[in-house]
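FYI, my numbering numbers position 47 of the sequence shown as 32, with every residue one higher than the one before it.
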Amino acid sequence: MEPICESLQIDRENCDRAMISISFNGIDASFMYTQLFKEVLLEIDDDDTKSVKELVDYYRLQGDIDGNHIDKFEQEYRHHTPIW
């Protein structure tokens, strides 16, 4: 009786593992860009000129965002008060 119970338990665990789908190959690009954006934002300290420049340079190279928006962000970033 005990071997049957052990076999059922192993089968149940295998079924549970099989039901959890994990795919690292199909990570959405927007998720990846969001993570990179968060990392850059978290690097911004009191002297954030360098980090803002890195962020602006990165998005200029990507070419996904209108250059006017990037310029506006770069010029007006320091003019806004932080939320916290």
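We put the beta carbon where it would ideally sit given N, CA and C, even for glycine. All values reported here derive from a predicted model rather than from experimental measurement.
Just mark Leu21 as buried or exposed, buried being the case when its beta carbon has 16 or more other beta carbons within 10 Å.
exposed
Straight-line Cα distance separating Phe58 from Asp49:
15 Å
Under the three-state reduction of DSSP, which class applies to Ile50: helix, strand or coil?
coil
From the DSSP output, in three-state form, read off Asp(-4) for me.
helix
Are there 16 or more other CB atoms within 10 angstroms of the CB of Leu40, so buried, or fewer, so exposed?
buried
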